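See structure below.
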Amino acid sequence: MKKRTFERVDEKLFIEKLDNGLEVYLYNTKKTKNFYISISVKYGAKTNSYKLNNEKYNIINGSAHFLEHKVMALSENTEISKRINDLGSLANAWTSYIGTNYNIFGSINLIENLKLLLDIFYKIDINDKSVEEEKGIICEEIDMEKDNITSMMYNTLYKNLFNSSYIRNTIIGEHSDIEKITSKDLNRIYNDFYVPNNTFILVLGDFDNEQVLETIKSYMQIHNINRKTIPKTIKTIEKDYIPIKYDEIKKDTEDTRILYSLKINKKIFGIKDDNLLLYYLLIIFNCNLSATSLLYEKYKNNNIMIDMSYNISIIDDYIAFCIHAFANDGDNFIKNIEKDINKLNITKTEFNRKKKSYLKKYVMSFENIEDIEYSICYRLFLNNKLDFKEYSLIESMSYDEARRIIKLINTNNISIVKVSK
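See the structure below:
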């Protein structure tokens, strides 16, 4: 078992790769009496087609999320559900574009909870009847997401902003997608992707490492869970151009809402580490657009907007930077932001202050086991590895480099979604 240490916070992570390729990560802490266990598979909604044994397979949109429902089918597996409830634990699951996670949060009998989660993950029963019954539940989720204006705006934006990327499709899928999904499809995806060498387990809490590791090894041996060939995902090729530059949607909403987005090819920055690039962009846009920025204050005082926020996503080879604003006059906001987005600037004092803030956030991120689990899981999904020197990465950032990056930001490749009455 390898021991790695997250620098500066001095937190330890024990790592073991089993003979069947399953990776186990053990995080010991006495900061809480609770524990968190998760099993994650490196398969999510971004995979639309793949090759395995010289055969090509297409995947219907929404399949990853549908499969999550059928694996975490506690309403059908009443025995496991009762045992989890009796232990006072909570079982949950989530699907992202880059992976799927199944987890249990509890406070007593970690080993029993671990065995239950392994049973949930490996003892599945996906049949025609249960799949057909689940379709109605998932379609209700789709309707709820469509009723959410923010979700609807982002789904529209990504379809307009990208020409072939996976992000054009929602994780949950559309009604027409769900109707096409069969038990045969889901069983094939499960058998191809839910293999030990495409899976990792995280255990966080106060426990005996050897006991946990032996429990997992024993389970793998008893149930004959062996290594398999991992499918090769077929990636789409995204281009720089934006299909739809402007889209206006009529909705019964009190205020006009705007999504103003930049699409930037990340190669122009010449930074190989996506995490480092993201930190620079976060600092730059935080200084210019956050609620404490001069621009925010100016827009608020001049009634250009009611509220404004932003987010930055790295989607394969592209940066998607989105400003989400509430305004009385949407056209006036667009006119002003188009002008001011070209005036991005940062002082050395601001840069150093924000850098210290991110260093502090990094240290504080180790205070909660749920946050730690998500951070480790997300990094493994995204990069297939962990950076134990992230503190040094942030510390190495320089003001001159931030200034260089600002000059390279292309503010012309934009797409706008406007929602108004």
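1461 is the number that our numbering gives the last residue of the sequence shown; the numbers go up by one with no jumps. The beta carbon of each residue, even a glycine, is placed where N, CA and C say it ideally should be. Note that the coordinates shown come from a computational prediction; the quantities given were computed from them, not determined experimentally.
Check	Outcome
Own chain, CB closer than 6 Å to S1121, minus 5 neighbours either side, in chain order	L1114
Neighbour-count burial assignment, A1133, 16 or more Cβ in a 10 Å radius	buried
Three-state secondary structure (DSSP) of M1260	helix
Alpha carbon of A1085 to alpha carbon of N1342, nearest angstrom	42 Å
Contact with chain D by R1419, beta-carbon distance below 7 Å	You won't find chain D in this structure, because it holds only one protein chain.
According to DSSP, residues forming a beta bridge with M1041	In DSSP, M1041 forms no bridge with anything.
Stretch-stretch touch, CB-based, cutoff 8 Å, three pairs: the region 1046-1062 with the region 1218-1231	no
Bounding residues of the beta strand (DSSP E) (the contiguous stretch that carries F1366)	Y1358 to A1367
V1235 and I1077 closer than 7 Å at C-beta	no
Alpha-carbon to alpha-carbon, Y1439 and L1329	18 Å
8 Å contact criterion, which D1280 and N1453 should meet: CB distance rounded	7 Å
Nearest candidate by alpha-carbon position, reference V1049, set I1449, S1415, M1404 and I1445	M1404
DSSP beta-bridge partners of R1297	F1366 and V1459
K1052 in three-state terms, based on DSSP	strand
Which of helix, strand or coil DSSP assigns to A1131	strand
For L1066, the three-state DSSP class (helix, strand or coil)	strand
Inter-residue Cα distance where the pair is K1272 and Y1090	5 Å
The region 1313-1325 / the region 1419-1434 touching (three or more Cβ pairs under 8 Å)	yes
G1370 beta carbon less than 7 Å from that of T1296	yes
For Y1259 and N1231, the rounded distance between their alpha carbons	18 Å
Buried or exposed by the 16-neighbour rule on C-beta atoms within 10 Å, applied to N1368	exposed
Distance between beta carbons of I1304 and A1442, contact taken as under 8 Å	In fact, because the Cβ distance is near 16 Å, the residues do not count as touching under 8 Å.
Proximity winner among V1457, S1436 and C1417, relative to L1066 (alpha-carbon distances)	C1417
Residue span of the alpha helix (DSSP H) that contains I1289, given as start and end	Unbroken run through I1289 is the beta strand (DSSP E), Y1286 to K1290; no alpha helix (DSSP H).
Rounded Cβ spacing between L1197 and V1459 (contact assumed at less than 8 Å)	Going by Cβ atoms, the distance from L1197 to V1459 rounds to 11 Å, so no, they are not a contact pair.
Enclosing beta strand (DSSP E) for L1348 [first to last residue]	Rather than Leu, the amino acid found at residue 1348 in this sequence is Met. Where M1348 is concerned, the enclosing beta strand (DSSP E) stretches over D1347 to I1355.
F1373 CB to nearest heavy atom of the ligand GDP below 6 Å	The ligand GDP is absent from the structure shown, which contains no ligand whatsoever.
Residues near Y1137 in its chain [Cβ-Cβ closer than 8 Å; skip 5 each side]	G1084, A1085, K1086, Y1206, I1207 and I1211
Reduced DSSP secondary structure (H/G/I, E/B, other) of Y1083	coil
Three-state secondary structure (DSSP) of L1058	coil
Beta-carbon contacts of L1399 that lie in its chain and below 8 Å, excluding the five residues immediately before and after	Y1431, I1434 and E1435
Exposure of Y1300, with buried meaning 16 or more beta-carbon neighbours within 10 Å	buried
Option nearest I1344 by Cα separation, candidates I1311, K1043 and N1372	N1372
Sequence-distant residues of the same chain with beta carbon closer than 6 Å to N1143, five excluded per side	S1078 and N1132
Residue nearest to Y1319 in terms of C-alpha spacing, selected from A1104, I1308 and I1354	I1354
According to DSSP, residues forming a beta bridge with Y1076	F1145 and L1244
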